[in-house]
Amino acid sequence: MALSRQAASVVEARLKGTKLNLAEDSELELMWNHVIFRLGVKVAPKDLNTHVFELSVLNDWILQHYGSRLTTEEVKVAYDLACTQKLAIEELFSILSPKHVGIVLESYLRYTKEDLEINRVFTQQLLIENEKEQTPEEINAFMESALKQAKEEVDAGKFYFDAGNGLFDWLLLNGRITIDEDQADHFYNKAKQQLPNLLDREKSNVTPGDTGKRSQLEKLIEQLEMGKFGNDHEARVQSYAKRLFLNHYLKTLSNEEK
Numbered sequence: 497m498a499l500s501r502q503a504a505s506v507v508e509a510r511l512k513g514t515k516l517n518l519a520e521d522s523e524l525e526l527m528w529n530h531v532i533f534r535l536g537v538k539v540a541p542k543d544l545n546t547h548v549f550e551l552s553v554l555n556d557w558i559l560q561h562y563g564s565r566l567t568t569e570e571v572k573v574a575y576d577l578a579c580t581q582k583l584a585i586e587e588l589f590s591i592l593s594p595k596h597v598g599i600v601l602e603s604y605l606r607y608t609k610e611d612l613e614i615n616r617v618f619t620q621q622l623l624i625e626n627e628k629e630q631t632p633e634e635i636n637a638f639m640e641s642a643l644k645q646a647k648e649e650v651d652a653g654k655f656y657f658d659a660g661n662g663l664f665d666w667l668l669l670n671g672r673i674t675i676d677e678d679q680a681d682h683f684y685n686k687a688k689q690q691l692p693n694l695l696d697r698e699k700s701n702v703t704p705g706d707t708g709k710r711s712q713l714e715k716l717i718e719q720l721e722m723g724k725f726g727n728d729h730e731a732r733v734q735s736y737a738k739r740l741f742l743n744h745y746l747k748t749l750s751n752e753e754k
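For the sequence shown, position 176 matches number 672 in my numbering, and the numbering has no gaps at all.
Okay, structure coming up:
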């Protein structure tokens with residue numbers, strides 16, 4: 497299935513861009529110039545020194561908080577999407593500050609995490625990269641770090657969204673979790689009961705310009721209301737059931753440590 501133009505731009509930015517913490521100064525400068533252009537920020541000559549200082553502080557901040565999470569190209573795409581009202585942002589301000597840049601980047605990350613089309617490609621690419629480049633020790637170290645982060649989120653009262661079910665599959669493959677038939681049925685049925693809400697939530701998170709995705713979800717909702725349950729419904733139930741079980745498992749880890 498061909499990617500939509502919007503999804504393709506995100507995937508290309510992730511896979512071909514340079515991680516922020518590995519980027520040259522010239523790449524970071526081009527990135528900020530793009531953001532400034534998209535926001536239409538104008539700097540008066542008398543404010544130039546202040547602007548340069550604030551941009552330097554902002555550059556340090558973005559490297560600290562997003563250095564290993566985003567590429568320079570993704571930051572550009574994030575602002576392209578934000579400026580065309582394709583991210584779930586109530587209001588976009590032409591302000592360069594950690595607060596306002598953070599709003600855009602967090603909205604972008606939520607979008608990439610929740611979009612099934614993008615997730616499918618990212619998951620496949622991660623498996624390819626792991627197979628070609630990473631040793632088993634490196635993969636395990638990466639997943640142990642992901643497990644620690646997931647546990648911290650659950651300890652903080654959040655629901656850990658296991659994108660692509662990567663952490664669940666790794667734990668299962670390595671015998672860290674086991675699921676008996678009763679548990680499988682329990683979480684599957686619980687996920688299936690939540691399917692109408694899941695589809696509604698997915699639809700509400702669709703960016704305003706992505707009419708194809710919205711139409712697809714409306715069709716799935718309509719089919720479900722008519723009692724039709726197809727492969728796309730099943731895939732969502734299976735994926736959410738795994739997330740429910742994983743969050744249950746993470747809570748048991750916390751309880752065991754108390």
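Don't be surprised by glycine CBs; every beta carbon is placed ideally from N, CA and C.
Problem - Integer Cβ distance of Leu720 from His729, believed to fall under 8 Å - result: Taking the sequence shown and counting its residues from 1, one reaches residue 720 at position 224. Taking the sequence shown and counting its residues from 1, one reaches residue 729 at position 233. Right, their Cβ atoms sit about 6 Å apart.
Problem - Identity of the residue in Pro692, Asn727, Tyr656, Pro632 nearest Ala642 by Cα - result: In the sequence shown, counting from the first residue as 1, residue 642 sits at position 146. Selected option, being the one with the closest Cα: Tyr656.
Exercise for the section: Evaluate Ser700 with the Cβ neighbour count: other Cβ atoms within 10 Å of its Cβ, from every protein chain shown; 16 or more gives buried, anything less gives exposed. Expected result: Within the sequence shown, the letter at position 204 stands for residue 700. Exposed, since its Cβ has fewer than 16 Cβ neighbours within 10 Å.
Problem - Of the listed residues Lys724, Asn751, Glu569, nearest to Val531 (C-alpha basis) - result: Position 35 of the sequence shown, counted from the first residue, corresponds to residue 531. Of Lys724, Asn751, Glu569, the residue nearest in Cα terms is Glu569.
Problem - Cβ shell of Asp576 (< 7 Å), same chain only, five flanking positions each side left out - result: Residue numbering aside, residue 576 sits at position 80 when the sequence shown is read from its first letter. Correct list, in chain order: Arg534.
Exercise for the section: Would you decide whether Lys731 is buried or exposed? Buried here means 16 or more other CB atoms lie within 10 Å of its CB. Expected result: Taking the sequence shown and counting its residues from 1, one reaches residue 731 at position 235. Here the sequence assigns Ala to residue 731, which means Lys is not the residue at that position. It is exposed - the Cβ of Ala731 has fewer than 16 other Cβ atoms within 10 Å.
Exercise for the section: Please say whether Leu524 and Asn555 have beta carbons closer to each other than 9 Å? Expected result: Counted from its first residue, the sequence shown places residue 555 at position 59. Counted from its first residue, the sequence shown places residue 524 at position 28. Yes, Cβ-Cβ distance for Asn555 and Leu524 is below 9 Å.
Handout entry: Span separating the alpha-carbon of Lys747 from that of Arg606
Key = In the sequence shown, residue 747 corresponds to position 251, counting from 1. In the sequence shown, residue 606 corresponds to position 110, counting from 1. In a straight line, the C-alpha of Lys747 is about 23 Å away from that of Arg606.
Problem - Of the listed residues Ser603, Ala509, Asn670, Leu694, nearest to Val573 (C-alpha basis) - result: Taking the sequence shown and counting its residues from 1, one reaches residue 573 at position 77. Comparing alpha carbon positions, the residue from Ser603, Ala509, Asn670, Leu694 closest to Val573 is Ala509.
Exercise for the section: Mind checking who Thr567 pairs with in its DSSP beta bridge? Expected result: Along the sequence shown, one-based indexing puts residue 567 at 71. Looking at the DSSP assignment, Thr567 forms a beta bridge with Lys515.
Problem - Best match in Val548, Gln560, Gly536, His744 for proximity to Gly653 [C-alpha to C-alpha] - result: Within the sequence shown, residue 653 is the residue found at index 157, counting from 1. By alpha-carbon distance to Gly653, the top candidate from Val548, Gln560, Gly536, His744 is His744.
Practice task
Give the secondary structure of Glu721 by DSSP, where H, G and I count as helix, E and B as strand, and everything else as coil.
Solution key: By one-based count along the sequence shown, residue 721 stands at place 225. Reduced to three states, the DSSP call for Glu721 is helix.
Practice task
Give the DSSP-derived three-state secondary structure of Glu730 in the structure shown.
Solution key: Within the sequence shown, numbered from 1, the residue matching residue 730 stands at position 234. Note: Glu730 maps to helix in three-state DSSP.
Problem - Residues near Gly513 by beta carbon distance below 7 Å, same chain, minus five either side - result: Here residue 513 is taken as the residue at index 17 of the sequence shown, counted from 1. Only Thr567, Thr568, Glu569, Glu570 meet the Cβ criterion.
Exercise for the section: Return yes when the Cβ of Asp658 is within less than 9 Å of the Cβ of Arg739, no when it is not. Expected result: What you label residue 739 is simply residue 243 of the sequence shown in a count that begins at 1. What you label residue 658 is simply residue 162 of the sequence shown in a count that begins at 1. Yes, they are a contact pair.
Problem - For Ile591, the three-state DSSP class (helix, strand or coil) - result: The sequence position of residue 591 within the sequence shown is 95, counting from 1. Coil at Ile591, not helix or strand.
Practice task
Answer with buried or exposed for Thr580, where buried requires no fewer than 16 other C-beta atoms within 10 angstroms of its C-beta.
Solution key: Locating residue 580 in the sequence shown gives position 84, counting from the first residue. By the Cβ-count criterion, Thr580 is exposed, with fewer than 16 other Cβ atoms from all chains shown falling within 10 Å of its own Cβ.
Practice task
Just the C-alpha distance for Leu592 and Glu520, rounded to the nearest angstrom, thanks.
Solution key: Within the sequence shown, the letter at position 96 stands for residue 592. Within the sequence shown, the letter at position 24 stands for residue 520. Straight across, the Cα-Cα distance linking Leu592 with Glu520 is about 21 Å.
Exercise for the section: Rounded to whole angstroms, what's the CA-CA distance from Pro594 to Gln560? Just pull it up for me. Expected result: The count along the sequence shown starts at 1 and reaches residue 594 at position 98. The count along the sequence shown starts at 1 and reaches residue 560 at position 64. When rounded, the separation of the alpha-carbon atoms in Pro594 and Gln560 is 11 Å.
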